[in-house]
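A.B. asks:
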Amino acid sequence: MRPEWSWVLEAEGRMVGRALWWGRDGSTPSALDALDVLPEVEDPRSAAVDLLRAGLGEHTAAAGSRLPSFTVRLPGRWRDDERSVRAVAWRCEALAEVGVSESLERRQYAWTPKNEVPAASTRVTFRPGSDEEFVELFRQAARGSLDVETRRALESTDELNQARDDVEFYAGCPGDRAWWKVAIDRDGERVGFIVPSATPYHRNVGYLGVLPSHRGKGLVDDLLGEVTRVHAQAGADRITATTDMTNLPMATAFERAGYQLTEVRLLLEAPR
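Mapping of the sequence shown onto this note's numbering: residues 2 to 273, in sequence order.
#1: At the level of alpha carbons, what is the spacing between D44 and K218?
#2: E57: which of E98, T113 and R74 sits nearest, CA to CA?
#3: Would you report the Cα separation of A12 and A95, rounded to the nearest angstrom?
#4: Assign L225 to one of two classes, buried (16 or more other C-beta atoms within 10 Å of its C-beta) or exposed (fewer than that).
#5: Quick check: the region 181–198 against the region 134–150, are there 3 or more CB pairs under 8 Å?
#6: Do T113 and D222 have their beta-carbon atoms positioned less than 8 Å apart in this structure?
#7: Quick one, are the C-beta atoms of R128 and I185 less than 8 Å apart?
#8: Taking the Cβ atom as the reference point for each residue, do L220 and V125 lie within a distance shorter than 8 Å?
#9: Name, in chain order, the residues that DSSP records as bridge partners for S70.
#10: If you drop the 5 nearest sequence neighbours on each side, which residues of the same chain put their C-beta closer than 6 Å to that of M251?
#11: Where do the ends of the alpha helix (DSSP H) carrying D186 lie?
#12: Using 8 Å for Cβ pairs, my map puts R107 next to R266. What's the rounded Cβ distance?
#13: Which ranges does the beta strand (DSSP E) cover as unbroken runs of at least 3 residues, wholly within the region 147–231, from first to last along the chain?
#14: Do Y171 and Y208 have their C-beta atoms within less than 8 Å of each other?
#15: Taking the beta strand (DSSP E) that E12 falls in, what are its first and last residues?
#16: By the 10 Å Cβ neighbour count, where 16 or more other Cβ atoms means buried, how is A179 classified, buried or exposed?
#17: Taking the beta strand (DSSP E) that S104 belongs to, which residues open and close that run?
#18: Tell me the residue span of the beta strand (DSSP E) that contains M16.
#19: Have a look at S157 and R144 and give me their C-alpha separation to the nearest angstrom.
#20: Let me know the secondary structure DSSP gives D51 once reduced to three states.
#21: Does DSSP classify D132 as helix, strand or coil?
#22: Considering only residues of the same chain and omitting the five flanking positions on each side of V118, which have a CB-CB separation below 8 Å?
#23: What is the DSSP secondary structure of T247, reduced to helix, strand or coil?
#24: If we ignore side chains and look at the alpha-carbon of each, how far apart do G18 and R67 end up?
#25: Roughly how many whole angstroms lie between the Cα atoms of Q261 and W22?
#26: If you measure between the beta carbons of W181 and G130, is that distance less than 8 Å?
#27: Could you check what DSSP says for T123 in three-state terms: helix, strand or coil?
#28: In its own chain, which residues sit with a C-beta less than 6 Å from the C-beta of A32, not counting the 5 before and 5 after it?
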């Protein structure tokens, strides 16, 4: 924590709110880490706006950089809890007032060994592929994708550059490049691909894609099953996964495979 990125709100000499920013190297923070106001504050939205304007005016507006994002971690059924709904509402309103107006809600899942390890697919086999092949596969999979980040990225770049960025991103994640595989059907045709990954803490599903001409056949289950099987056979005690709230096919695939919903993450960020 850097003191110059830590702001508090006081009332009558007592701290009633805080805004804490986080970042790696550099002169500006990359994310808002905490935005809290005590329950006794009558207007938490206004209090939060004051905190945000103080911190953002000091660190980001002068630098002309994109405003830092903020992730709110919530229980899976947070909309059923009035207190959670109120806490989300004033934070979203305050951040929107200072320019952090876009939101993306994502489901977090986890698989543990208490679930059965999937058997190998009988419909597809898996083989290695070159970086160039994975660029092409990512490019094709972006067409008609339900992934919000992919769709947003394609508003400002083309499929090929987006695919190259995806390959570069996953190559830089923890994990082993040898895990990446191309999915081949019984006719020898490419139908999709898997990019199992990892975080500093756990194995991760990473990315999987079914190519547009093969969607609607349930192949997502074969691909997810292979990712899960590879990680489980390597001794993973927990496999994490993420999908957008709007990507219902992927969410239901996780649930069929025994993944449990662990939390919801609401990402708030400035327009690109």
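Ideal Cβ placement from N, Cα and C applies to all residues, glycine included.
C.D. replies: The answer reads as follows:
#1: 51 Å
#2: Note on residue identity: the sequence assigns Leu, not Glu, to residue 57. Ranking the options by Cα distance to L57, first place goes to E98.
#3: 19 Å
#4: buried
#5: yes
#6: no
#7: yes
#8: yes
#9: A32
#10: T244
#11: From DSSP, D186 is part of no alpha helix (DSSP H) but of the beta strand (DSSP E) over K182 to D186.
#12: 5 Å
#13: 182–186, 191–199 and 204–211
#14: yes
#15: This sequence places Ala at residue 12; Glu is not what is there. Here the beta strand (DSSP E) through A12 covers S7 to A12.
#16: exposed
#17: E103 to W112
#18: R15 to W23
#19: 15 Å
#20: helix
#21: helix
#22: T229, R230, A233 and Q234
#23: coil
#24: 24 Å
#25: 31 Å
#26: yes
#27: coil
#28: W23, P69 and S70
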